[in-house]
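Novice: Okay, handing you the structure first.
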Amino acid sequence: KAGVTQTPRYLIKTRGQQVTLSCSPISGHRSVSWYQQTPGQGLQFLFEYFSETQRNKGNFPGRFSGRQFSNSRSEMNVSTLELGDSALYLCASSLQWTGGRDVDGYTFGSGTRLTVV
Amino acid sequence: AQKITQTQPGMFVQEKEAVTLDCTYDTSDQSYGLFWYKQPSSGEMIFLIYQGSYDEQNATEGRYSLNFQKARKSANLVISASQLGDSAMYFCAMREGVSSGSARQLTFGSGTQLTVLP
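Going down the list, the sequences are from chains A and B.
Here the first sequence is numbered in this note's numbering, starting from 183 and rising by one per residue.
Here the second sequence is numbered in this note's numbering, starting from 209 and rising by one per residue.
Listed below in structure tokens is the structure:
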């Protein structure tokens with residue numbers, strides 16, 4: 183089956199612009215999480231969506247936002263880009279929100295590498 | 209305090225030998241899950257192995273096994289018979305509150321860069 187698809191793979195933006203990243207989860211998966219990976223801060227949780235609702239949010243400023251559509255595809259948006267937003271943004275999909283073993287969850291995409299200049 | 213600690217920024221291993229990557233964690237939850245992921249230079253996070261806090265046996269997946277010592281709060285990854293393709297960054301991660309269905313985010317360690325030598 184198809185894996186998690188993130189588009190675009192690479193992106194270069196100018197400081198002050200905004201950007202939208204897309205994530206298509208594995209078919210049947212209803213939960214999508216976003217993570218930011220930088221050399222300095224490592225991997226940090228941004229937010230998670232399940233059934234079009236944000237269920238959990240990490241410690242990021244309001245410039246970072248997201249949404250999930252009825253087909254479970256998710257987008258994240260970063261407004262007023264700063265140089266420090268340059269990072270690899272990873273999306274992970276999982277089957278369910280509550281209960282169950284996690285072993286079947288958290289399939290990651292290849293990421294979108296964002297460079298802010 | 210860091211929730212996940214990986215003390216080895218870099219490790220080298222000879223091809224066909226075994227290697228252990230260290231991971232210690234800190235949580236007050238009784239129910240939690242521990243994961244290991246591999247990240248090659250392409251960026252994708254590849255799931256390797258999972259250990260639940262209530263699992264009595266150490267997890268194994270092919271050449272990967274997890275040495276889970278609950279009292280010491282350690283979850284070391286053992287890779288047997290290393291291959292050149294195993295060269296990558298390896299991350300240990302934890303999800304707390306597994307049984308309560310609460311927050312599902314993963315907390316990651318800083319990673320260990322493994323290089324397999326021919």
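Idealized CB from N, CA, C, for every residue including glycine.
Please classify A/L265: does DSSP put it in a helix, a strand, or coil?
Specialist: helix
Novice: Assign B/Q222 to buried or exposed, taking buried as 16 or more other Cβ atoms, counted over all protein chains shown, within 10 Å of its Cβ.
Specialist: exposed
Novice: Between B/M302 and B/Y233, which are expected to be in contact by the criterion C-beta below 8 Å, what is the C-beta distance as a whole number of angstroms?
Specialist: 5 Å
Novice: Looking at the structure shown, is A/G282 part of a helix, part of a strand, or coil, going by DSSP?
Specialist: With a pLDDT of 48 at A/G282, under the threshold of 50, the predicted position of this residue should be treated as unreliable, and no value is reported.
Novice: Give the residues from the stretch 236-268 of chain A that approach chain B closer than 8 Å (Cβ to any Cβ), ordered along the chain.
Specialist: R237, N238, G240
Novice: According to a CB-to-CB cut-off of less than 8 Å, which residues of the stretch 234-261 of chain B neighbour chain A?
Specialist: When CB distances to chain A are screened at a threshold of 8 Å, the residues of the stretch 234-261 of chain B falling below it are G241, F243, Y245, S250, G251, E252, M253, I254, F255, Y258, G260, in chain order.
Novice: Can you find a CB in chain A that lies within less than 9 Å of the CB of B/G293?
Specialist: no
Novice: Give the DSSP-derived three-state secondary structure of A/G224 in the structure shown.
Specialist: strand
Novice: Pick out whichever of B/K281, B/E252, B/F299, B/Y258 has its Cα sitting closest to the Cα of B/Q238.
Specialist: B/Q238 has its Cα closest to that of B/K281, out of B/K281, B/E252, B/F299, B/Y258.
Novice: Less than 9 Å between CB atoms is the rule here; does B/S290 satisfy it with respect to chain A?
Specialist: no
Novice: Per DSSP, what kind of secondary structure is B/L292 in: helix, strand or coil?
Specialist: Helix, per DSSP.
Novice: Whose Cβ in chain A lies nearer than 9 Å to the Cβ of B/N316?
Specialist: It should be pointed out that residue 316 of chain B corresponds to Phe in this sequence rather than to Asn. Simply Y217, Q219, G224, L225, Q226, F227.
Novice: Determine the chain A residues that contact B/R271 at a beta-carbon separation under 9 Å, and present them in chain order.
Specialist: The premise fails here: B/R271 is roughly 17 Å from chain A at the closest Cβ pair, so nothing lies under 9 Å.
Novice: Please confirm whether B/F299 and B/F276 have their CB atoms less than 9 Å apart.
Specialist: Cβ atoms of B/F299 and B/F276: not closer than 9 Å.
Novice: First and last residue of the beta strand (DSSP E) that includes B/C231?
Specialist: Element bounds for B/C231: n/a, residue is neither H nor E.
Novice: Against A/L270, what residues of chain B qualify as contacts under a CB-to-CB distance less than 9 Å, listed in chain order?
Specialist: Residues of chain B passing the Cβ test: G251.
Novice: Going by DSSP in three states, A/V186 sits in which element: helix, strand or coil?
Specialist: In the three-state reduction of the DSSP assignment, A/V186 falls in the coil class, being assigned neither a helical nor a strand state.
Novice: Can at least three beta-carbon pairs, one atom from the stretch 215-229 of chain B and one from the stretch 228-236 of chain A, be found at a separation below 8 Å?
Specialist: no
Novice: Go ahead and label A/V299 buried or exposed: buried means 16 or more other beta carbons lie within 10 angstroms of its beta carbon, across all protein chains shown.
Specialist: exposed
Novice: If you measure between the beta carbons of A/T294 and A/Y192, is that distance less than 9 Å?
Specialist: yes
Novice: Taking Cβ positions only, does A/S206 come closer than 9 Å to chain B?
Specialist: no
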